[in-house]
Every structure is written in C-alpha cells, then in structure tokens.
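In this note's numbering, the protein residues as written are 38 to 141. One structure is given here, and the rest of the page talks about it.
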Amino acid sequence: NLKTSESSGRLADPYVKLHLLPGASKSNKLRTRTMPKTVNPEFNETLTYYGISDQDMARKTLRLMLLGETCTFPRWTKTEIYFLLLTLGSCSYPFTHASNRPIT
C-alpha cells in the first residue's frame with residue numbers, strides 16, 4: 038500500500054536496492070527490477086552476492102531501500118519510500134544456508 042506522488046497523484050515505479058555495509062564496491066550493491074505503476078509491488082526475485090564468505094557475511098549489515106521512480110517531465114525523480122538496516126550477524130537464521138531461503 039505505497040502512496041502515490043503527492044504532487045501529481047501518479048503511481049510510483051518502485052524497486053529495491055540492497056547494499057552490504059561496510060563496503061563501497063559495486064559488488065556490494067544489488068537492485069531489483071522496477072515494478073511499473075503499482076502501489077502494491079511484489080518482488081519475487083533472487084539477488085545473490087558472490088565472493089563473500091559466511092564469516093564475512095555475518096559481519097555485514099544489509100541496507101534495504103524501497104525507492105520509487107516518478108516521471109515529472111522532462112526528467113525522472115527517485116524517491117526513498119522505506120529504509121531498513123538488517124545486521125546479518127544477529128539474525129537467528131544461519132547464513133550458511135541463506136542461498137536456500139529468502140530473508141524475511
């Protein structure tokens with residue numbers, strides 16, 4: 038139940054960005070596909086980080102950002118809708134099996 042743009046009433050084109058912290062390289066950043074014109078997006082995607090050991094993963098924090106794109110002619114605007122930080126080492130689910138289960 039995302040909100041529409043306050044100024045135009047248009048539906049946002051939402052997507053999710055994931056960023057492993059600390060780390061600034063592109064390999065630490067992933068993104069879902071954009072879901073066009075919806076206030077109830079469902080992201081049924083698998084995003085995988087490669088080259089990170091289980092021990093390193095347990096020391097990371099996963100930043101999840103739900104963003105929306107809106108077009109206000111003549112340019113696109115990105116708006117942060119929701120923000121979540123997930124400390125992976127404190128999760129109750131062991132990340133040795135993370136590739137087999139979604140993070141919820």
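Just so it is clear, CB atoms sit at the ideal spot from N, CA and C, and this is done for glycine as well.
In its own chain, which residues sit with a C-beta less than 7 Å from the C-beta of residue i, not counting the 5 before and 5 after it?
i: Glu82; result: Thr69, Arg70
Just confirm the distance between the C-beta atoms of residue i and residue j, as a whole number of angstroms; I'd bet it's less than 8 Å.
i: Val53; j: Leu103; result: 5 Å
i: Leu84; j: Leu67; result: 4 Å
Are there 16 or more other CB atoms within 10 angstroms of the CB of residue i, so buried, or fewer, so exposed?
i: Gly105; result: buried
i: Leu57; result: buried
i: Leu121; result: exposed
Just grab the DSSP bridge partners of residue i for me.
i: Arg121; result: Note that residue 121 is Leu in the sequence shown, not Arg. Leu121 is bridged to Leu101.
Skipping 5 residues on each side, what residues in its chain have a beta carbon closer than 8 Å to that of residue i?
i: Gly126; result: Ala95, Arg96, Lys97
In chain order, what residues of the same chain lie with their CB nearer than 6 Å to the CB of residue i, ignoring the 5 residues before and after it?
i: Pro73; result: Asp50
i: Tyr119; result: Leu103
i: Pro78; result: Pro51, Met72
Query - Any beta strand (DSSP E) of 3 or more consecutive residues that is wholly inside the stretch 57-102 - result: 66-68
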